[in-house]
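Residue 497 is where the sequence shown starts when you use our numbering, and the numbers rise one by one after that.
Following: one structure in structure tokens, then a few remarks.
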Amino acid sequence: MGVLAGPLFASSFSAIGARTTGYDWRRHAVSSLANGRLGWMQRANFIVTGVLYVAAASGLATCPRRIVGSRAIPALVGAAGLGLVGSGVFVTDPVGGFPPAPTEDQASDAAPSATTPLTRTGMLHNVCALPIFLGIPVAGLIGAASFARSREYFWAGYSAGSSFGMIGGFVLFGAAFRHTAHTAGVFQRLSIAAGFGWLSALSLRALTSLRHRT
């Protein structure tokens, strides 16, 4: 399940974004797709992906430590899964000009000012993002240290690189979004690709190991 969760998530939000009027994947966040007429599809995408990662965490917990890297990693993957479920339950506030207001003009394309208050649901959505965009990189760094001790240098380097890639993409996303840059969505998608891609690779490693044991 963990092998397919990331690709399914990315392909789903890409398809939903392509069908959503006024949505520009290069500038708008993935979470913004949970708003609007087709919002229920992205909310379902969050929840289904989260459930898949929770199931994947259960499977990773049964694998030998030398395969997974550390017993902390399944816990962090499960927390990320719960964060995705929460992201589907608590919808983000409209931001960055999406969804467009009925009386929108050109000026409304700018991101809301720092004084615009978040709703309670929007704040909870942001909290749910923490175990995803922070938890997954931490899991990768823990894995990198464990793999390095086991002299699995490829996996150590890949895990560390994916972690820094996810963190870096997320930081650039936040910086671009604050300056209403038209590349904010690109940076977020690069962040997701780095972290979720690592989870798919780790899940495949675990799955292959379990098959060899049977």
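Note that the Cβ used here is the ideal one computed from N, Cα and C, for glycine as well.
Of the listed residues the options, nearest to residue i (C-alpha basis)
i: residue 568; options: 640, 685, 705, 625; result: 640
i: residue 511; options: 538, 497, 500; result: 538
i: residue 590; options: 534, 529, 683; result: 529
i: residue 498; options: 545, 520, 506, 518; result: 545
i: residue 616; options: 643, 586, 534, 698; result: 586
i: residue 645; options: 547, 562, 509; result: 562
i: residue 578; options: 621, 536, 560; result: 621
i: residue 503; options: 705, 699, 704; result: 699
i: residue 692; options: 571, 631, 520, 613; result: 631
i: residue 505; options: 613, 696, 705, 668; result: 696
i: residue 573; options: 501, 667, 679, 675; result: 501
i: residue 536; options: 551, 672, 509, 552; result: 509
i: residue 648; options: 701, 550, 571, 540; result: 701
i: residue 540; options: 580, 650, 685; result: 580
i: residue 550; options: 571, 560, 667; result: 571
i: residue 667; options: 685, 613, 520, 704; result: 685
i: residue 651; options: 707, 507, 564, 613; result: 564
i: residue 707; options: 560, 614, 655; result: 560
Beta-bridge pairing of residue i - partner residues as DSSP gives them
i: residue 591; result: 594
Residue i and residue j closer than 7 Å at C-beta
i: residue 638; j: residue 566; result: yes
i: residue 542; j: residue 513; result: no
i: residue 627; j: residue 575; result: yes
i: residue 532; j: residue 595; result: yes
i: residue 592; j: residue 624; result: no
i: residue 687; j: residue 653; result: no
i: residue 534; j: residue 516; result: yes
i: residue 669; j: residue 680; result: yes
Assumed close pair residue i, residue j - CB separation to whole angstroms, cut-off 8 Å
i: residue 618; j: residue 588; result: 6 Å
i: residue 658; j: residue 694; result: 4 Å
i: residue 672; j: residue 683; result: 6 Å
#### Entry: Inter-stretch contact at 8 Å, needing at least 3 Cβ pairs: the segment 553-561 / the segment 521-530
Contact between the segment 553-561 and the segment 521-530 is absent, because fewer than three Cβ pairs lie under 8 Å.
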